[in-house]
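For reference, the structure is listed below as structure tokens.
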Amino acid sequence: VPTGDAELGPTTNAADQEKASGLKESGATVTDVEGDSKTLESFPACLVSTGVFKYVQVHAIAPDGTRKVLVRAAPGSFHADVAEPLCEALREKGLRYEIPGGGRIRRDDDKKEIEIYGHSKGFGMPDHSVSAAICR
Numbered sequence: 007v008p009t010g011d012a013e014l015g016p017t018t019n020a021a022d023q024e025k026a027s028g029l030k031e032s033g034a035t036v037t038d039v040e041g042d043s044k045t046l047e048s049f050p051a052c053l054v055s056t057g058v059f060k061y062v063q064v065h066a067i068a069p070d071g072t073r074k075v076l077v078r079a080a081p082g083s084f085h086a087d088v089a090e091p092l093c094e095a096l097r098e099k100g101l102r103y104e105i106p107g108g109g110r111i112r113r114d115d116d117k118k119e120i121e122i123y124g125h126s127k128g129f130g131m132p133d134h135s136v137s138a139a140i141c142r
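With the sequence shown counted from 1, adding 6 to any position gets you the working numbering.
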């Protein structure tokens, strides 16, 4: 049974928790493809859709140890739905990743504002100040 609030939709359920756990685990391993820091550079640091959406902060890691923090906010019922396409793309390019957490981002283009708040039941709460610095 999903839990959440009527305005923002469900925050989690058993399937979401399982998906989030699987995404976190799969980030620690690398595919047969060898990515590098140039591959890491090809991923935009911030992709945030206009509106109010769940977001995730993902730390991508190249085989040489180079790291890049990526922020994604997009439509999705759960945080894992937002994280999954990015995580799959990173793995396909031979990059590892960690997901310290997520929350919500409200992007208002008319007011030129971004508000970052909350936490993910599946991934936890990241340092929102890191996400804010990336989104500036």
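Even glycine gets a Cβ: it sits at the ideal position worked out from N, Cα and C.
*Measure the C-alpha to C-alpha separation of arginine 112 and threonine 72 and round it to an integer number of angstroms.*
30 Å
_For a test of the three-state rule: what should DSSP assign to glycine 28, helix, strand or coil?_
helix
*With DSSP as the reference, label threonine 45 as helix, strand or coil.*
helix
*Can the beta-carbon of leucine 96 be found closer than 9 Å to that of alanine 138?*
no
*Helix, strand or coil for histidine 65 per DSSP?*
strand
*Cβ distance (whole Å) where lysine 60 is taken to contact valine 77 below 8 Å*: That pair is no contact at about 12 Å.
_Can you give me the C-alpha to C-alpha distance between alanine 20 and glycine 107, rounded to a whole angstrom?_
18 Å
*By a C-beta neighbour count over all protein chains shown, 10 Å radius and 16 as the cutoff for buried, is alanine 26 buried or exposed?*
buried
*asked:* Residues in the same chain with beta-carbon distance under 6 Å from methionine 131, minus the five sequence neighbours each way, listed in chain order, please.
replied: Gly107, His125
*Spatial neighbours of lysine 74 within its chain, please: CB distance less than 6 Å, with the 5 preceding and 5 following residues excluded, ordered by chain position.*
Leu46, Ala66
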